[in-house]
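Just below is one structure, and these are the notes that go with it.
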Amino acid sequence: MLEKIPNYNQIAAILPRYTSAGDTTTIITTDGQEMSTKTQIRTILRRLAHSRSKDLIALREHTTRATGRRVLQPLPLAPGLVLCPVKTRIPRITGDTSTGYVNYHAVTGVAENSLIAYQAIVSLTGGTDIPVFWTSDTVNKHLQSARLAISHTVQSPDSHPDLMPIAQKLVEIIYDILVLKHKKE
């Protein structure tokens, strides 16, 4: 089970899945690893937004204005994490979500699928292929909306997004050192 959410630049997809444990969420990383949790996708999105000090409601309103989409809009949460919605399953129970998210920056391709149920395959970095119920045209329209949302995202002029993973790792190391120091005392 998932203990903590991976760094935003390591997330390739967040998908709903049915397993023997019930309704779960699977996070796929950019290196192809999968982590499962009982936490719902909405909660994971809120946690990701909170970790970046973003108001998810305001972000959705801004994205709606930028893309013209009122539902299923992309979520530009960080410079390396722009989540695009994709329909990955049919809910078994009312209230279960059918929509997962793929990171725009982790998508390497979209292809038609010959299987009857799944109409397209989204390929991600790390070699993971995700079957989706939408056509490749629909998936590509959502990816285009993500590009539009990225272009309307305001970046600070002194922002250095490529340094963010290093800074996050440094914070984690300092935290681990403080925990070890506290245990010794």
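Residue numbers (numbering that gives the first Met the number 0): 0 to 184.
The beta-carbon is built from N, C-alpha and C at its ideal position, and this holds for glycine as well.
Look at residue 7 here: in three-state DSSP terms it is helix. In this structure residue 12 touches residue 102 by the C-beta definition: roughly 7 Å separates them, less than 8 Å. Taking 4 residues as the shortest admissible run, the segment 48-79 contains the following complete alpha helix (DSSP H) segments, listed from N- to C-terminal end: 55-66.
For residue 98, the enclosing beta strand (DSSP E) stretches over residues 98-102.
Counting along the chain, the unbroken beta strand (DSSP E) around residue 119 starts and ends at 119-123. Burial state of residue 90 is exposed, judged by a 10 Å Cβ sphere holding fewer than 16 other Cβ atoms. Our two residues, residue 150 and residue 57, have alpha carbons roughly 17 Å apart in a direct line. Judged by beta-carbon spacing, residue 7 lies within the 7 Å limit of residue 77, meaning their Cβ atoms are closer than that value. The Cβ atoms of residue 65 and residue 147 lie closer than 7 Å to each other. In the three-state scheme derived from DSSP, where H, G and I count as helix and E and B as strand, residue 144 is classed as helix. Following the DSSP letters along the chain, one finds residue 22 inside the beta strand (DSSP E) bounded by residues 21-28. Close CB contacts of residue 96 within its chain, under the 8 Å cut and outside five residues either way in sequence, are with 15, 39, 40, 41 and 90 (chain order). Of the candidates 122, 127 and 171, the residue whose Cα lies closest to the Cα of residue 135 is 122. Within the DSSP bridge table, the entry for residue 36 names 24 as partners. Of 114, 18 and 75, the smallest CA-CA separation from residue 55 is found for 75.
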